[in-house]
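Below: one structure, written as structure tokens.
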Amino acid sequence: MSKEESKMESVLTETRIFNPRDLNEEYANTGISIKEYQELYRQSIEDKEGFWGEQAKSIDWFKPYDKVWEKSDFFPGKWFVGGKLNVCYNCIDRHVKAGKGDKIAIIWEADEPEQVKKYTYNELLREVSKVANGMKKMGLKKGDRVTIWLPMIPELAIIMLACTRLGVIHSIVFGGFSKEAVKDRIQDSNSRLLFTSDETVRAGKFYPKMADVVKIIDAVSTIEQVIVVKRSGNEIPHTKKDIWYSDFIANESENCECEEMDSEDTLFILYTSGTTGKPKGVKHTTGGYILYTSFSHKIVFNYKEGDIWYCTADIGWITGHSYIVYGPLANGATTLMFEGVPTYPDVDRFWQICEDHKVTQFYTAPTAIRAIMRFGDEPVKRHDLSSLKLLGTVGEPINPEAWTWYHRVVGKSRCPIVDTYWQTETGGIIMTPIATATPTKPGSCCSPFLGIKPIIFDLEGDEVTEADEGGYLCIAQPWPGMLRDVWGDTERFKSTYLTKFPGYYYTDDGARRDEDGYYWILGRLDDVIKVSGHRIGTMEIESALVSHPSVAEAAVAPFPHKIKGQAIYAYVTLMQGVEKSARLSKEIRMHVRQEIGPVFQPDVIQFADALPKTRSGKIMRRILKAIAAGTDIGNVTTLADPTVVETLLEERKKMDIEIG
């Protein structure tokens, strides 16, 4: 492939800029300014050890570290070498000792409205200590592994904090994953305990869990006991190893000493799906992770004492680890956990929660925003959202149209939006505007966070210096929150993240930098379509589709074409009340042509009432590619609603499409 052929084209332009001082000058004055950000950023790159050493003063250390950073065999190095600390102590005990024990630490909102539990820091300390003592009684010790397969209930946060109190390594599995996924993760980590629930509840319906647990326990050998949290109280099957959570903690003391952990001791494993069948256990360590998550939470979201923080993610994903539990609690915040979905019992559920609890910062995914947009502005306008100071997005790039709606309707054109980019592997946010400092562009993650030095390479390994030319996003300097290894597979760690561009961390995402220096994430590099020699990220085509007023959500996939190599197949979900028609299909195709050019006009548009998504809301592009190309769709067990695929396949059969 020639250098010209390897270029990734970028055709979207965005010139609108939203300055936080123009939106709300009073709020902008409560955080750092753009000049302060620029100076801090300069320090963080030119003197990373001095910079992170200064930030580490915000963490309580049992024993001070000897060295901020030490080079090792691999890119991340070692952070805060020789330092001793405990994450649970930093998230709970120190706030209690500072006289904040009666402050609310966790607000839990159940699937059903008005079912709310609140835990003060004192109460959280007592509950965490009881679970930790229960594990100690079983003989669990520092370095042992525990698998947690729970829905979004308070016990999930309590158990993970109890693990960190003892130095036990937790592996949390998203509650919506299949029994096969749980089994694989237990086997890979050699976990000794499994925490689960009798059932889960979602949108008013209970779903059984223990029948799957019975099969898991039959297939694994390392699990010594299964601790079951009673969520529904319905009749369930049992294993020979299970015990009710309430019995597990019934006679345990409310006092438990924290284990002193080395800064580089493993804190947790979180599995991500790899390109091979085997799950990839991302390993995060203690000191660097808790510093990075707490610092980024405080700076990016301008966290202040008294704020009510609401991140809508599931704790089964890294966003929930970092920005529901560890980052906010280390800062002494009040953090909100939500068990349900944004459309139950009505499409205004998010806004009802924000109003009821006077939420100040709201952090959600673009897919949730697009799903809610379909129902128009009215559900948002039912509620008093005047408590909101800031909005955030996470999980995928947000298209400018959804960004603008979020800003105008939810934020009332006064709340800054922080469009954050990061990964399971990065531990915390690495690209983002700063709420009170950065003039933002809709759809752009804007700037590197403090300590992050991005660089974009082309396919041949040369740095991309031309504005708006896409390439491979890498990071040139280690930071404290990044992964240290892949659990039990260092070779995979090296080959996945460190080998393609030696001396750099490889994100496996595409990015471009515009003429103003703003960064734009183009998505996974396997989500690139090559049409007649032109390479473009799917996100840009999808943004053009969604900019049509009748389109609520869109996803595109390539399919083989005799002449062009690949052609563009678009799946389009319409706004509520809009009728499907051949005329509208043609109109949407012409709209894309006008927005980004004739080369990238979709060849096929298939209207879809819904897109295949995981239970976390991510679109399953693998399935869309298979449907478009007419190939086998493979496993659909991780989908929130597998019937969506059946409908798409039936509709696809009715369409006369020539595959090249």
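Under UniProt numbering, the first residue of the sequence shown is numbered 1, with each subsequent residue one higher. Using N, Cα and C, we set each Cβ at its ideal position, and we do this for glycine too. Values in this document were obtained by computation on a predicted structure and should not be read as measured data.
Fewer than three beta-carbon pairs drawn from the region 197-216 and the region 286-303 are found closer than 8 Å, and the two stretches are therefore not classed as touching. Burial is judged here by how many other beta carbons sit within 10 angstroms of a residue's own beta carbon; residue 467 has fewer than 16 and is exposed. According to DSSP, residue 606 shares a beta bridge with 571. Shown here, residue 189 sits in a helix according to DSSP, grouped into three states.
Contact annotation: the region 573-592 touches the region 601-614, with at least three C-beta pairs closer than 8 Å. Residue 498 and residue 284 have their C-alpha atoms some 17 Å from each other. The C-alpha of residue 537 lies about 6 Å from the C-alpha of residue 527. Counted as a single uninterrupted DSSP element, the stretch harbouring residue 361 is not any alpha helix (DSSP H) but the beta strand (DSSP E) occupying residues 361-364.
Taking the C-beta atoms as reference points, residue 474 is found nearer than 8 Å to residue 457. Around the beta carbon of residue 51, a 10 Å sphere encloses 16 or more other beta carbons of the protein chains shown; the residue is thus reported as buried. In the DSSP annotation of this structure, the continuous segment of the alpha helix (DSSP H) that includes residue 379 starts and ends at 378-381.
Counting C-beta pairs closer than 8 Å gives three or more between the region 218-233 and the region 190-203, which meets the contact rule. With a cutoff of 8 Å on beta-carbon distance, residue 427 and residue 322 are scored as near each other.
In this structure, 435 is the residue among 422, 424, 435 with its C-alpha nearest to the C-alpha of residue 414. Less than 8 Å divides the Cβ of residue 18 from the Cβ of residue 440. According to the DSSP assignment, residue 311 belongs to no alpha helix (DSSP H) but to the beta strand (DSSP E) extending over 308-311. Of the candidates 375, 35, 416, 638, 416 places its Cα closest to the Cα of residue 361. Per DSSP, reduced to three states, the secondary structure at residue 438 is coil, with no helix or strand assignment. Here residue 549 is exposed. Its C-beta has fewer than 16 other C-beta atoms within 10 Å.
Spatial neighbours of residue 455 in its own chain (CB-CB distance under 7 Å, excluding positions within 5 residues in sequence) are listed in chain order as 463, 474, 476, 504. Between residue 203 and residue 341, the C-beta spacing is below 8 Å. Looking at the DSSP output, residue 173 sits in no beta bridge, so it has no partner there. If you ignore the 5 residues before and after residue 206, its C-beta comes within less than 6 Å of the C-beta of 199, 232, all in its own chain and listed in chain order.
DSSP links residue 560 through a beta bridge to 566. The residue from 242, 172, 331 with its alpha-carbon nearest to that of residue 317 is 172. Beta-carbon to beta-carbon, residue 557 and residue 512 are separated by about 21 Å, too far to satisfy the 8 Å threshold. Residue 623 sits away from residue 604, with the two beta carbons spaced by 8 Å or more. Using a Cβ-Cβ distance cut-off of 8 Å, the region 323-342 and the region 290-297 are in contact, since at least three pairs of beta carbons, one from each stretch, lie closer than that value. In the structure shown, the three-state DSSP call for residue 303 is coil. One thing to note: residue 155 has its Cβ within 8 Å of the Cβ of residue 245.
The C-alpha of residue 282 is placed about 12 Å away from the C-alpha of residue 481. For residue 92, the secondary structure class from DSSP, reduced to helix, strand or coil, is helix. DSSP, read as helix, strand or coil, puts residue 504 in coil.
Within 10 angstroms of the beta-carbon of residue 407 lie 16 or more other beta-carbons, which makes it buried.
The beta strand (DSSP E) runs of length 3 or more contained entirely in the region 196-277 are, from start to end of the chain, 199-202, 205-208, 225-229, 242-244, 266-272. Taken atom to atom, the span from the alpha-carbon of residue 409 to that of residue 377 is near 6 Å.
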